[in-house]
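Quick notes on the structure that follows.
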Amino acid sequence: MRVNGVTIADTFAEAFTMRVARIVITGRTAKWAWEAGLKLTGFATSVIGCKCEAGIERELTPAETPDGRPGISVLFFTMDKESLPQQLIVRLGQTVLTCPTTACFDGLPLAPDRLAVGKALRVFGDGFQASKVIGGKRYWRLPVMEGEFLIEETFGMLKGVGGGNFLILAEDADAALAAAEAAVNAMTSLPGVILPFPGGVVRSGSKVGSKRYKNMVATTNDPFDPTLRAITQSQLAAGVNSVLEIVLDGTDAPSIAAAMRAGIPAACRPGVNAITAANFGGKLGPHHFHLRKIMSEGGV
Amino acid sequence: MSDAVTLSLAEPPTHTLIADCIAADRFGELDAKAIAHLPVVHGGRPATLGEFFKVRGGPSSVVRMEGDLARVAAIGAGMAGGELTIDGSVGRDLGLAMSGGRIDVRGDAGDNVGGARPGAARGMTGGEIIVRGSVGDEAGARMRRGTIAVTGDGGRGTGVGMIAGTVVVFGTAGPGAGRFLKRGSIVALGPIDRPATFRYACTYRPPHVGLLLRYLRDRAGVPVADRYVAGKYERHSGDLAELGKGEILRWVGE
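Structure, rendered in structure tokens:
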């Protein structure tokens, strides 16, 4: 299969089941909602080192938020259900609670699994906190020097999907970067999906474990490193001199598939040789995103 | 099962009619005949609901009442769920000790809205009461949880002895509002005669007030102007003769 002259490899991206929460942050202006969201999702690229993956899903208009102020929605992923509330409590407490004018709401109100995040953060109020039940939901009012911080008592948790991906194999680094940027632009703000890495792009794709260091859980993906082509079992065809990866986490598999369907054609630009994907032979992750099948369903 | 139960006033009571059998959640399990046989007290004498109301529909926990019910007391007493809409004014003890659901009155209400039964320590413990008119004395007295919104004026002692919850008064709150309040909020969009045992804290935009007013506007259809939703409020802590963890929030402008 070829799209815009770029080969789509006959392979699949292998993804994992994760736990996901959607956090809605509002502020006096969109700027302050973004400031909180950027801090909240900082150092949250990969569960390998960050223990969570997070990103800003999209900006919300005042009409879309519970308090009628500008806001953003953030998707937050962990590998297990125990660590999701732990990460949220620590991160919301240090980034959103501290940020001027913000309030924090649950973005998955129908999810049956509830995480008592606001309930845990309430104790910052040192006994001066107060709760309000509005429309059947309980909120906590935490007195702060600025005024009050409002946070919903519980947040919904769903099973999500983490690790959707595709790799852009290009003739040089400039072409790879331009293609990655185009793909990210095409996928940004699609519902139910985040791209947790810097600018949505990964340059240091990894393989499981290490050939040399026992304590490393992930090391460089040498079959796709062009500088190692001559000394490893490279999977790069001749003419490929740079590879960038796009990683996607989503609330469900169809959301990731839809985003890949938007991103892959955008990445098929001049200077790009092929699009492929990372997997582990299908043995580790239950979610398989076959590139050609995804693109066929998109009518390309 | 029908969409709604409708109670139309057919025989206006000549004395106070205590109709504490009317609760939306209870009607969810009763047909029209059973509802008509529910007991009421008229002028101190036992009677049945069907002697005064024409009952249609049921079972349903969505209930609509029609007619001038100013002499009908204790509507929605102990209600735990469902929706009760009343087209007209009602008597005293509306939503007495209720714990859930929503009562929406398109008229005035008498004394002790959402209050406590005689001798009881706690009034309503949950749910919402919306009165699109004025209320009598001691609305929300000793309430423990829930929301009361009054688009008109409050009577004397609004929220007296509140343990928690929220009372919003769009008009003038009566004298003695918030006395002996432990926790909870009285939100005054109009003039309020603040007791001396409340102390001014600050002027700010309380985020929960905007959230509540938007909820009332968007979900319950209560007309709330933007100046209140996004407005500034004076916070007065009190009652300092009690626990002092409550507040009167008085709107002061945008």
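Protein sequences appear in the order of chains A and B. In terms of my numbering, the first sequence opens at residue 2 and continues consecutively. In terms of my numbering, the second sequence opens at residue 570 and continues consecutively. For each residue, glycine too, the CB sits at the ideal point set by N, CA and C. All figures in this text were calculated on a predicted structure; none of them were measured in a lab.
Per DSSP, reduced to three states, the secondary structure at residue 140(A) is strand.
Note on residue 142(A): 16 or more other CB atoms within 10 angstroms of its CB, so buried under the neighbour-count rule. DSSP, reduced to helix, strand and coil, places residue 584(B) outside both helices and strands of the structure shown, so it counts as coil. At least 9 Å separates the CB of residue 720(B) from every CB of chain A.
When the five nearest sequence neighbours on each side are left out, the beta carbons in the same chain lying within less than 8 Å of the beta carbon of residue 115(A) are those of 155, 156, 157, 158, in order along the chain.
Against chain A, the beta carbon of residue 735(B) has neighbours under 8 Å at 133, listed in chain order. Among the residues of chain B, those whose CB is under 9 Å from the CB of residue 142(A) are 775, 776, 777, following chain order.
The C-beta distance from residue 32(A) to residue 100(A) rounds to 11 Å, too long to fall under 8 Å, and the pair is not in contact.
DSSP lists 221(A) as the beta-bridge partner residues of residue 207(A).
The beta carbon of residue 642(B) is closer than 6 Å to those of 585, 587, 660, 661, 662 in its chain, skipping five residues each way along the sequence. Between residue 820(B) and residue 781(B) the beta-carbon gap is near 13 Å, outside 8 Å, which marks them as no contact.
The shortest CA-to-CA distance from residue 140(A) to any of 76(A), 105(A), 24(A), 44(A) is the one to 105(A). The Cβ atoms of residue 574(B) and residue 609(B) lie no closer than 9 Å to each other. Against residue 255(A), chain B offers no close residue; the least beta-carbon distance is about 30 Å (beta-carbon pairs closer than 9 Å).
Counting along the chain, the unbroken alpha helix (DSSP H) around residue 784(B) starts and ends at 776-789. For residue 675(B), there is no enclosing beta strand (DSSP E), as DSSP marks it with neither H nor E. Going by C-alpha positions, residue 144(A) is about 6 Å away from residue 150(A). Setting aside the 5 residues that flank it on each side, residue 223(A) is surrounded in the same chain by 229, 233, each with a C-beta closer than 6 Å to its C-beta; the list follows chain order. A Cβ-Cβ contact shorter than 9 Å links residue 676(B) with residue 655(B). Residue 656(B): member of the beta strand (DSSP E) spanning 649-656, first to last residue.
Contact check for residue 653(B) against residue 682(B) fails: the beta carbons are separated by 9 Å or more.
Residue pairing by DSSP places residue 634(B) opposite 576(B), 655(B) in a beta bridge.
At least 9 Å separates the CB of residue 156(A) from every CB of chain B.
Looking at the DSSP output, residue 19(A) sits in a beta bridge with 161(A).
A distance below 6 Å between beta-carbons, with the five flanking residues on each side excluded, links residue 191(A) to the following residues of its chain, in chain order: 260. Within 10 angstroms of the beta-carbon of residue 673(B) lie 16 or more other beta-carbons, which makes it buried. Rounded to the nearest whole angstrom, the C-alpha separation of residue 82(A) and residue 221(A) is 28 Å. Rounded to the nearest whole angstrom, the CA to CA distance from residue 748(B) to residue 729(B) is 5 Å. Residue 741(B) is positioned such that its CB atom lies no closer than 9 Å to that of residue 704(B). CA-to-CA, the gap between residue 36(A) and residue 692(B) works out to about 43 Å. Below 8 Å, too few C-beta pairs join the segment 807-814 of chain B and the segment 181-188 of chain A to call them touching: fewer than three.
Across the segment 618-634 of chain B, no CB contact with chain A closer than 9 Å is found for any residue. Three or more Cβ pairs drawn from the segment 6-19 of chain A and the segment 283-291 of chain A lie within less than 8 Å of each other, which places the two stretches in contact. A distance below 7 Å between beta-carbons, with the five flanking residues on each side excluded, links residue 806(B) to the following residues of its chain, in chain order: 767, 768, 770, 813, 816. Contact annotation: residue 280(A) and residue 12(A) have beta-carbon atoms nearer than 9 Å. Each residue's CA atom was taken as its position, placing residue 707(B) and residue 746(B) some 8 Å apart.
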